[in-house]
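Here is the structure we will look at, set down as structure tokens.
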Amino acid sequence: MECRAIWNVINQERCKNKFTNESIKLKNNGTLTSDPMIVAEQLNEFFASIANNTLAQAVYDGMPVEPPPRLKINNALVLWPTTQNEVRTTIMQIKSKNATG
Numbered sequence: 120m121e122c123r124a125i126w127n128v129i130n131q132e133r134c135k136n137k138f139t140n141e142s143i144k145l146k147n148n149g150t151l152t153s154d155p156m157i158v159a160e161q162l163n164e165f166f167a168s169i170a171n172n173t174l175a176q177a178v179y180d181g182m183p184v185e186p187p188p189r190l191k192i193n194n195a196l197v198l199w200p201t202t203q204n205e206v207r208t209t210i211m212q213i214k215s216k217n218a219t220g
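In the working numbering, the protein residues as written are 120 to 220.
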């Protein structure tokens, strides 16, 4: 089998499910809908109302919300000027590891 034929088979298998003619079906309040415009509108309505629905269900006890404690920053990092030659030498000294598999 020549190289082009092999790649044709690979591309056919890889792109097999890329395009589909199957329409999206959505069940909402017990009604199954396959009209793309209605499905899109119902999905938009659902996702647009998530924040309001979540806030409506939230219980607020009146206590102020405390921000999380700040992380302590370690100021021990010190940087020194370097040269291209030093960087190159350091990189060359790094041992390469063979990947498993």
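Note that CB positions come from ideal geometry on N, CA and C, so glycine has one too.
Identified DSSP bridge partners for residue i
{"i": "Thr150", "result": "Asn147"}
Integer Cβ distance of residue i from residue j, believed to fall under 8 Å
{"i": "Leu162", "j": "Thr152", "result": "That belief does not hold up - the Cβ atoms of Leu162 and Thr152 are roughly 11 Å apart, past 8 Å."}
{"i": "Val158", "j": "Ile143", "result": "5 Å"}
Length of the line joining the Cα atoms of residue i and residue j
{"i": "Glu141", "j": "Asp154", "result": "12 Å"}
{"i": "Lys216", "j": "Asn204", "result": "23 Å"}
{"i": "Gly149", "j": "Arg123", "result": "51 Å"}
{"i": "Met211", "j": "Ala195", "result": "27 Å"}
{"i": "Val178", "j": "Asn172", "result": "12 Å"}
{"i": "Ile192", "j": "Gln176", "result": "37 Å"}
{"i": "Met156", "j": "Glu185", "result": "44 Å"}
{"i": "Pro187", "j": "Thr208", "result": "44 Å"}
Neighbour flag for residue i against chain C, beta carbons, 7 Å
{"i": "Trp126", "result": "Of the chains in the structure shown, none is chain C; there is only one protein chain."}
Problem - Unbroken stretches of the alpha helix (DSSP H), 4 residues or longer, contained in the segment 186–216 - result: 203–212
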